[in-house]
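Worksheet: one structure, shown below.
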């Protein structure tokens with residue numbers, strides 16, 4: 001859906017957190033916006049965020065992270081607020097309206 005909207009100039013998709021971290025480490029560049037699912041194989045979203053925050057400091061670039069989750073846990077929403085880079089916790093499904101809102105905010 002993201003690619004069909006043409007709201008973003010470039011999109012990259014990863015199957016898991018390890019794949020994403022490895023890619024970002026190899027390019028030494030971070031995305032402006034990141035849509036993150038908490039439920040991923042190999043490395044969950046929280047583990048990814050911990051590694052990603054370290055990369056932000058190392059590369060000296062801040063990204064805006066939107067968590068996209070089916071979780072309705074208040075604990076998850078509170079935990080997300082502890083990460084400086086997390087802009088918002090979005091409930092799935094992600095629809096066109098939510099994608100447009102993200103594009104407008106950035």
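In our numbering, the protein residues as written are 1 to 106.
By construction, the Cβ of each residue, glycine as well, lies at the ideal position given by its N, Cα and C atoms.
Note that this is a predicted model, so its numbers are computed, not measured.
- Between residue 18 and residue 43 the beta-carbon gap is near 5 angstroms, inside 8 angstroms, which marks them as a contact.
- In the structure shown, the three-state DSSP call for residue 12 is coil.
- Taking C-beta separations shorter than 8 angstroms and ignoring five residues to either side along the sequence, the partners of residue 16 in its chain run 40, 41, 42, 43, following chain order.
- Inclusion of residue 56 and residue 47 in the CB contact set at 8 angstroms is not warranted, their separation being larger than that value.
- Of 24, 14, 37, the smallest CA-CA separation from residue 54 is found for 24.
- Residue 88 sits in a strand when the DSSP states are folded into three classes.
- Less than 8 angstroms separates the beta-carbon of residue 64 from that of residue 32.
- Straight across, the Cα-Cα distance linking residue 94 with residue 35 is about 10 angstroms.
- As the crow flies, the alpha-carbon of residue 86 is around 16 angstroms from that of residue 70.
- Uninterrupted beta strand (DSSP E) stretches at least 3 residues long and entirely within the segment 20-94 occur at 33-37, 64-69, 86-91, given in chain order.
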